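Numbering (the UniProt record's numbering), first residue to last: 537 to 817. Yeah, the Cβ is synthetic: ideal placement off N, Cα and C, and Gly gets one too. As the structure is a prediction and not an experimental result, all values here were calculated from the model.
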Ligand code: C2E
Ligand code: MG
Ligand code: MG
Ligand code: MG
């Protein structure tokens with residue numbers, strides 16, 4: 537809707553709106569079939585120790601490869617999945633696929649490589665995430681420390697007692713919690729101390745502005761300071777240049793991910809990355 541031209545007449549506007557709605561409905565119908573048609577795939581992007589270049593963990597990122605439409609970006613289909621509640625089964629699939637892959641790497645003698653999965657607020661409203669997670673850990677023999685749940689800052693917009701209880705239950709199980717896209721959403725710092733986040737992710741919009749002067753650097757510094765006070769780690773996302781690494785290290789950030797190291801890659805390529813001594817680039 538936001539993309540509609542404001543200069544449209546009313547009837548043009550209504551038609552455009554109808555078209556958009558029809559497109560949304562069609563895409564949602566296609567998404568409904570995506571799971572069983574095996575069109576969803578979990579990609580992995582390395583999270584790297586900025587000192588040594590070693591892979592320390594991976595973020596899993598969902599891909600939808602439609603036979604005719606090609607790759608549809610998550611920013612397009614995740615909102616549809618949330619609106620249609622398909623995020624329930626899709627989120628379960630992501631969780632179980634990540635655990636299955638983790639187990640496969642260990643079985644192949646590659647050692648453990650902790651995985652972060654992205655979880656949206658709606659998933660907490662649809663079912664019991666702690667129960668689903670517990671079952672997946674048991675089924676694939678995964679230790680809780682091997683799994684991190686990334687939750688975007690926007691959870692605070694509708695945070696409720698149920699969400700807080702779920703996050704506490706996950707923490708008590710030993711699951712790591714990560715606050716994604718930090719600094720971009722609506723959140724009061726006061727909320728942070730009510731949750732036990734193990735990690736804060738600096739949004740890529742700040743990393744990309746690091747070379748433009750003091751503003752982004754101040755945000756990064758402040759984030760590191762806040763994280764230290766909470767006893768949380770900091771991960772910078774969207775690292776695209778070696779200058780970003782230099783600046784981040786100067787500011788005290790020790791972990792990061794971004795195209796500079798690797799784009800998110802399909803599991804077979806990720807597997808190969810793990811075999812190749814875990815050092816990038
Ligand atoms: P996010 O969790 O903040 O993920 C980071 C996004 O930045 C990913 O986009 C990643 O591919 C991209 N990225 C990584 N390095 C760089 C870089 O150096 N430069 C730039 N410009 N971008 C970089 P992607 O894969 O398109 O995912 C977008 C968002 O979709 C994610 O943001 C996350 O919120 C959501 N998402 C992805 N997978 C899942 C999932 O399995 N479940 C849920 N609920 N959401 C997901
Ligand atoms: Mg994320
Ligand atoms: Mg992010
Ligand atoms: Mg995001």
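When DSSP states are grouped into helix, strand and coil, residue 751 belongs to the helix group. In the structure shown, residue 714 falls within a strand segment according to DSSP collapsed to helix, strand and coil. For residue 576, DSSP records a beta bridge to 600. With a minimum length of 4 residues, the unbroken runs of alpha helix (DSSP H) contained wholly in the stretch 772 to 813 fall at 778 to 787, 803 to 811. Residue 582 has 594 as its beta-bridge partners, per DSSP. A straight-line Cα-Cα distance of about 27 Å links residue 705 and residue 772. Distance from the Cα of residue 603 is smallest, within the candidate group 627, 611, 621, 574, for 574. No Cβ-Cβ contact shorter than 8 Å links residue 673 with residue 629.
In the DSSP assignment, residue 652 falls within the beta strand (DSSP E) that extends over 651 to 654. Look at residue 654: its beta carbon is less than 7 Å from one of the heavy atoms in ligand 2. The residues 639, in chain order, have a CB closer than 7 Å to that of residue 677 in the same chain once the five nearest residues on each side in sequence are set aside. Looking at the DSSP output, residue 589 bridges to nothing.
The DSSP-derived three-state label of residue 742 is helix. Remark: fewer than three beta-carbon pairs, one from each stretch, lie closer than 8 Å, so the stretch 614 to 629 and the stretch 773 to 792 are not flagged as touching.
Residue 584 is positioned such that its CB atom lies closer than 8 Å to that of residue 791. According to the DSSP secondary-structure assignment, residue 607 is paired through a beta bridge with 601. In this structure, DSSP gives residue 559 a helical state, which the three-state scheme calls helix. Taking the C-beta atoms as reference points, residue 631 is found no nearer than 8 Å to residue 610. Taking a 10 Å sphere around the C-beta of residue 768, we find 16 or more other C-beta atoms and assign the residue as buried.
Residue 743 sits close to residue 774, with the two beta carbons spaced by under 8 Å.
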